[in-house]
Amino acid sequence: MTTTATALAADDAFFTALLTADGRALDALLADDFSLVDVMAGQLVPRDAFLGLVGGGDLEFLKVDRDATDVAVRERPGLSVITGRTRMTMRFQGEEVTAASRYTHVFVKDGGNWRLLAAQGTPEVA
1 MTTTATALAA
11 DDAFFTALLT
21 ADGRALDALL
31 ADDFSLVDVM
41 AGQLVPRDAF
51 LGLVGGGDLE
61 FLKVDRDATD
71 VAVRERPGLS
81 VITGRTRMTM
91 RFQGEEVTAA
101 SRYTHVFVKD
111 GGNWRLLAAQ
121 GTPEVA
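First residue of the sequence shown? That's 1 in the UniProt record's numbering, and the numbers climb one at a time after it.
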């Protein structure tokens, strides 16, 4: 499998873990110093807080649609940056919201595996 293919597989695994609320998979996939800039409020969410939200059920991903025609991968040794578009329906603390966004995921090689170091979602304005 090519570097691009394995990075895209890690990106797929991230979205699958969100949809299935698989805390163990997220824990393995996220770098120790992972952070997320959330799509709804632009707040910085550290790794442990993100794992707590998803694993604790405060943040549920009900649906994630990705635009397969709008994905780009840029690579450097040990680094892969993936950009794409999503439309996600989430439930945060009981309130359902939908967000269309562009995202950037930064993956780094760690022990031979791709781990997600940083994620940012930027809302698309209709």
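Even for Gly, the Cβ is constructed at its ideal location relative to N, Cα and C.
Nothing here was measured: the structure is a model prediction, and the numbers come from that model.
- request: Please name the residue, chosen from Thr4, Asp27, Ala41, Asp48, that lies closest to Pro123 on a Cα-to-Cα basis.
  value: Ala41
- request: Under 8 Å by Cβ, that's how I've got Val73 and Thr4 pegged, so tell me the actual separation to the nearest angstrom.
  value: 5 Å
message: My output table needs one value for Thr104: the three-state DSSP class, helix, strand or coil.
response: strand
query: Gly52 bridges to which residues according to DSSP?
result: Gly52 pairs with nothing; no bridge assigned.
- prompt: If we count Cβ pairs, one from each stretch, closer than 8 Å, do we get three or more for the segment 75-86 versus the segment 17-25?
  reply: no
message: Taking the alpha helix (DSSP H) that Asp33 belongs to, which residues open and close that run?
response: Counting along the chain, Asp33 falls outside any alpha helix (DSSP H), though it belongs to the beta strand (DSSP E) covering 30-37.
task: Using the DSSP secondary-structure output, state which residues sit across from Glu96 in a beta bridge.
output: Arg91
Beta-carbon proximity check, Leu59 vs Thr89, cutoff 8 Å: no
query: Does the distance from the C-beta atom of Ser35 to that of Ala100 stay below 8 Å?
result: no
- request: Check the DSSP bridge columns for Gly111 and list the partner residues they point to.
  value: DSSP output for Gly111 lists no bridge partner at all.
query: Among Val54, Ala31, Gly111, which one has its Cα closest to the Cα of Thr16?
result: Val54
field: Beta carbon of Val64 nearer than 8 Å to that of Leu29
entry: no
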